[in-house]
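The structure under discussion appears below in the form of structure tokens.
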Amino acid sequence: MIKLDITRAYDTVSWRFLEAVMVGLGFPTRFISLIMECVTTAFSSIMVNGEGHGFFKSKRGLRQGDPMAPTLFLFCIEYFSRMLNTKAKEGVFSYHKDCASLGITHLAFADDIMLFSKGDFHSVQTLMQSLDHLSSVSGLTLNPTKSNIFIAGKFRDTSQNLLDLAPFPRGQLPVRYLGLPLASQRISEADFAPLFKTVDGFLSKWGTLKLSYAGKLELIRAVIQGIQSFWLQAFPVQKYVLHRITSLCRDFLWGSKFAKVAWADICKPKGEGGLGLRDANIWNNALLCKFLWNLATKKDSLWVKWVHNVYIKHDNVWLWQPKKRHSVLLKRIAYVRELLVQKLDNRNSSLEAALQTFCIGDNLIPSKVYDFLRAKTNPKPWMAFIWLSTIPPKCSFTMWLAFRRRLPTKTNLEFLGIPMECALCGVELEEIDHLFFDCWASKIVWGAIKEWLRVDGHLSTIDRAVRWLKAPRRGDAILKKARKVALACTVFHIWKQRNACQFDQEPLNIEGMISKIKVMVYTIVGRMWPIHSLSF
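Quick note: the sequence shown uses the working numbering, first residue 50, plus one each step.
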């Protein structure tokens with residue numbers, strides 16, 4: 050196997066070669082003229098001390114950032130691809146033993162190119178001659194220090210002869226390809242170093258910012274779990290690797306050694322009392338299930354054809370068992386298949402029919418498989434009032450912790466040996482229901498907000514407050530929505546005032562709390578419903 054690295058790929062493409070390739074591919078003359086007009090009218094300038102100086106006309110290359118450039122570059126690679134296939138048909142090239150049935154000579158993704166051959170002298174010589182020809186006609190040149198040749202197995206020619214023939218250093222697996230490690234065996238923890246480095250880099254950068262819990266949660270969901278999914282969709286990832294990523298995310302979210310809520314609970318859907326993050330191990334299995342489905346439906350892809358030709362052959366995918374020598378990926382796919390069978394044990398349904406329900410068209414949707422594989426818990430009715438789109442996320446997160454009774458009130462931190470008195474009244478024990486409803490300061494705040502929103506219920510606990518909101522009532526629809534927003538905003542501002550009194554030694558400011566709650570509710574209601582009857 051030879052892994053190629055092209056030096057400054059876009060900058061060295063010969064315009065004459067590009068035009069000839071498009072002619073050979075059969076594009077209309079008018080189309081070619083328009084493309085070449087765009088390509089050959091490029092001008093460049095030189096940056097000196099951050100400032101552009103002068104312009105000069107280019108004589109070769111494709112413009113960086115041009116939307117057409119990747120496609121035009123692929124035309125050049127297509128020429129090389131057809132040249133290799135022609136050499137193979139002429140019999141001057143011998144396929145790798147696992148590539149012969151499908152006639153695979155190479156894989157190319159833009160300028161990431163890998164060549165495969167049997168490893169005999171004539172085949173490698175043919176590859177090198179093809180590369181030399183490509184360089185001479187296209188202007189593309191290889192970087193001999195970043196390209197590698199990988200040699201394995203037994204050859205009639207010695208390894209040294211092949212190394213003398215190819216001017217590339219001998220590489221060792223695993224090697225990075227398309228951003229992921231490519232290995233012949235199970236990849237080790239060290240091979241995940243780029244993943245750890247990327248995740249740790251983002252978290253360290255964000256750690257310097259003053260972010261709310263809700264902000265941190267969104268960054269973990271949108272960025273970190275997105276990066277993680279790129280790896281999880283490609284191959285099985287060991288649990289200790291996933292645990293390390295989880296530990297980094299947990300420490301970032303809570304910012305201390307005390308995790309307020311278990312990660313397993315955080316990974317539940319919001320409707321079941323969680324935060325909607327995904328369990329990495331289950332998500333890995335759900336993503337790999339897509340491989341199983343593609344193999345079963347014989348999707349028109351080179352990888353599916355190759356696995357069927359080399360490993361599965363004439364077996365039924367639903368019954369096929371991997372052998373000891375087979376790859377870790379194939380073994381994990383078989384494991385996921387058995388996992389799905391176990392989940393379907395008490396159902397009158399075949400695995401194929403069950404997976405069909407997780408599809409849109411012919412494409413399996415991993416998120417549906419994930420929901421099928423995960424353990425379910427009873428829905429939490431109160432969650433519907435926490436994660437409303439009208440409520441600021443920081444208020445929702447505070448409410449979520451309050452409902453789970455995981456806010457760091459003094460009774461929850463009793464093991465630290467600190468005084469237990471409420472930070473607002475300084476008399477009673479500071480626990481959730483007292484702080485938010487029974488404390489005299491909180492009662493004054495609630496009294497003002499209830500009067501403002503025409504609430505007549507007795508809100509003595511956070512659970513009772515939600516039950517009151519759930520009860521059907523007639524009246525102004527906007528006012529009813531405002532009450533839901535007000536519950537979250539009031540809990541948030543009471544907690545914020547508590548922290549100001551406890552840590553910043555600020556005096557208790559009840560009127561300030563009431564004013565801030567009204568402003569927040571009024572702003573939210575006004576933004577969502579510009580015409581309303583709510584007033585100060």
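Just so you know, even glycine gets a beta-carbon here, dropped at the ideal spot from N, CA and C.
Distance, residue j Cα to residue i Cα
{"i": "Trp64", "j": "Ala313", "result": "57 Å"}
{"i": "Ile153", "j": "Thr135", "result": "12 Å"}
{"i": "Leu111", "j": "Phe104", "result": "16 Å"}
{"i": "Lys347", "j": "Trp367", "result": "12 Å"}
{"i": "Asn397", "j": "Ile467", "result": "Here the model assigns Asn397 a pLDDT of 49, short of 50, so the residue's position is not dependable and the matter cannot be decided."}
{"i": "Cys474", "j": "Gly496", "result": "17 Å"}
{"i": "Thr194", "j": "Pro218", "result": "7 Å"}
{"i": "Ile409", "j": "Asp349", "result": "17 Å"}
{"i": "Glu68", "j": "Thr89", "result": "11 Å"}
{"i": "His483", "j": "Gly264", "result": "28 Å"}
{"i": "Arg299", "j": "Ile493", "result": "37 Å"}
{"i": "Gln554", "j": "Val504", "result": "33 Å"}
{"i": "Asp525", "j": "Arg293", "result": "51 Å"}
{"i": "Glu127", "j": "Ile81", "result": "17 Å"}
{"i": "Phe66", "j": "Phe76", "result": "14 Å"}
{"i": "Pro441", "j": "Met85", "result": "53 Å"}
{"i": "Val141", "j": "Val173", "result": "10 Å"}
{"i": "Thr234", "j": "Glu463", "result": "Residue identity check: residue 234 is Gln in the sequence provided, not Thr. If you take the alpha carbons of Gln234 and Glu463, they lie about 50 Å apart."}
{"i": "Gly220", "j": "Ala201", "result": "11 Å"}
{"i": "Ala118", "j": "Arg454", "result": "56 Å"}
{"i": "Arg79", "j": "Pro116", "result": "20 Å"}
{"i": "Gly99", "j": "Thr56", "result": "25 Å"}
{"i": "Ile382", "j": "Leu297", "result": "28 Å"}
Helix, strand or coil at residue i according to DSSP, with G and I counted as helix
{"i": "Asn397", "result": "The pLDDT assigned to Asn397 is 49, lower than 50, so where the model puts this residue is not dependable; a value taken from the coordinates is nonetheless given after this. Asn397 falls in the coil class under three-state DSSP."}
{"i": "Leu344", "result": "helix"}
{"i": "Asp161", "result": "strand"}
{"i": "Ser296", "result": "helix"}
{"i": "His145", "result": "coil"}
{"i": "Phe92", "result": "strand"}
{"i": "Lys265", "result": "helix"}
{"i": "Asn98", "result": "coil"}
{"i": "Asn210", "result": "helix"}
{"i": "Gly114", "result": "coil"}
{"i": "Phe407", "result": "coil"}
{"i": "Lys106", "result": "strand"}
{"i": "Thr194", "result": "coil"}
{"i": "Leu252", "result": "helix"}
{"i": "Leu156", "result": "strand"}
8 Å Cβ cutoff met for residue i and residue j
{"i": "Ala451", "j": "Ile511", "result": "yes"}
{"i": "Ile276", "j": "Tyr419", "result": "no"}
{"i": "Lys317", "j": "Thr439", "result": "no"}
{"i": "Val310", "j": "Leu341", "result": "no"}
{"i": "Met569", "j": "Cys538", "result": "yes"}
{"i": "Ala215", "j": "Ile236", "result": "no"}
{"i": "Pro285", "j": "Val377", "result": "yes"}
{"i": "Ala472", "j": "Glu480", "result": "no"}
{"i": "Val356", "j": "Leu337", "result": "no"}
{"i": "His145", "j": "Phe129", "result": "no"}
{"i": "Phe92", "j": "Lys106", "result": "yes"}
{"i": "Ala535", "j": "Ile566", "result": "yes"}
{"i": "Lys319", "j": "Met432", "result": "yes"}
{"i": "Gly188", "j": "Val62", "result": "yes"}
{"i": "Glu321", "j": "Pro428", "result": "yes"}
{"i": "Phe486", "j": "Ser509", "result": "yes"}
{"i": "Met163", "j": "Tyr226", "result": "yes"}
{"i": "Ile51", "j": "Leu252", "result": "no"}
Enclosing alpha helix (DSSP H) for residue i [first to last residue]
{"i": "Phe124", "result": "Ala118 to Lys138"}
{"i": "Glu500", "result": "Trp489 to Trp501"}
{"i": "Asp60", "result": "Careful: Asp60 lies outside any alpha helix (DSSP H) and carries neither H nor E."}
{"i": "Pro415", "result": "Pro415 to Leu422"}
{"i": "Ile315", "result": "Trp312 to Ile315"}
{"i": "Leu281", "result": "Gln274 to Leu281"}
First and last residue of the uninterrupted beta strand (DSSP E) at residue i
{"i": "Leu176", "result": "Per DSSP, Leu176 belongs to no beta strand (DSSP E); it is in the alpha helix (DSSP H), Phe170 to Ser187."}
{"i": "Leu260", "result": "Taken as a continuous stretch (DSSP letters only), Leu260 belongs to no beta strand (DSSP E), as it is neither H nor E."}
{"i": "Lys52", "result": "Ile51 to Leu53"}
Just to confirm the assignment: which complete beta strand (DSSP E) runs, minimum length 3, are found wholly within the segment 216-241? Entirely contained in the segment 216-241, the beta strand (DSSP E) runs reaching 3 residues are, in chain order, 224-226 and 229-231.
4-residue-minimum alpha helix (DSSP H) runs that sit fully inside the segment 324-376, ordered along the chain: Fully enclosed alpha helix (DSSP H) runs of 4 or longer: 329-346 and 351-356.
Let me know the alpha helix (DSSP H) ranges lying completely inside the segment 510-558, each 4 residues or longer, listed in chain order. If we require 4 residues or more, the alpha helix (DSSP H) runs fully inside the segment 510-558 come out as 511-519 and 526-552.
Only counting runs of 4 or more residues, tell me where the alpha helix (DSSP H) segments fall wholly within the segment 429-488, in order along the chain. For the segment 429-488, whole alpha helix (DSSP H) runs of length 4 or above, ordered along the chain, are 442-452.
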